[in-house]
Amino acid sequence: MVFLITLVTPLLLVGFMFSPTFVTSRSPKDDGIRHVEVYHKFKNFLTDVQPIIKAVLKDMPPGDSYNKYRQDLEGILKRINDKSAGQLCFDKHFSDLDELVELMKNYRQTDATEEAKAVLKLIVQHGFRKYLSQQWFRLKKIDLPKYKESVEKLDKTDEKYKVFSEKC
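For the sequence shown, the positions run -25 to -1, 1 to 143 when mature numbering (1 follows the signal peptide of the UniProt record, and there is no 0) is used.
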């Protein structure tokens, strides 16, 4: 149990527990360009995590006791790939990331079912911890609330920042 908690702890840090060191003293123009770069990292994070989720679904034991977890993971994949809502991609990616983090938190609760623990173990076995450790250096300095607030203040009519007004 402690082993699994240790393995998943970096994920929890990805989900809104960033240090506030993202605030910079550069010009707003430089910050805007950096915001675009950070946004693409989050977007890629959700794209790149999909093969891990698919592998877990493939290896998940059959049976009714795993249906909830199968539906959870299929729901995450569907949500990540759903482009029908017409919402801002920027908002959608952060919402999807939040849902993924909440799901993992539930799977690692001390009172989680044996099935949840088994699914979490599969997630770790399929490289999620390794993947997070590779991505962590990119994500660790971001304060998501401040980041979102800063992005909302950017001039979205500026060609460089049009990515923040794209619809999914």
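Glycine included, each C-beta is placed from N, C-alpha and C at the ideal position.
This structure is a prediction, so every number in the text was calculated from the model and none was measured.
query, result
"What number of angstroms, rounded off, separates the C-alpha of S40 from the C-alpha of I51?", "19 Å"
"DSSP on K142, reduced to helix/strand/coil?", "strand"
"Are the CB atoms of H68 and L129 nearer to each other than 7 Å?", "no"
"Tell me the residue span of the alpha helix (DSSP H) that contains G50.", "42 to 56"
"Which residue or residues does DSSP assign as beta-bridge partners of L63?", "K142"
"List the whole-angstrom C-beta distance separating V13 from Y106, where the pair is believed to meet the contact cut-off of C-beta under 8 Å.", "That belief does not hold up - the Cβ atoms of V13 and Y106 are roughly 18 Å apart, past 8 Å."
"Could you tell me the alpha carbon to alpha carbon distance between C64 and K53, rounded to whole angstroms?", "15 Å"
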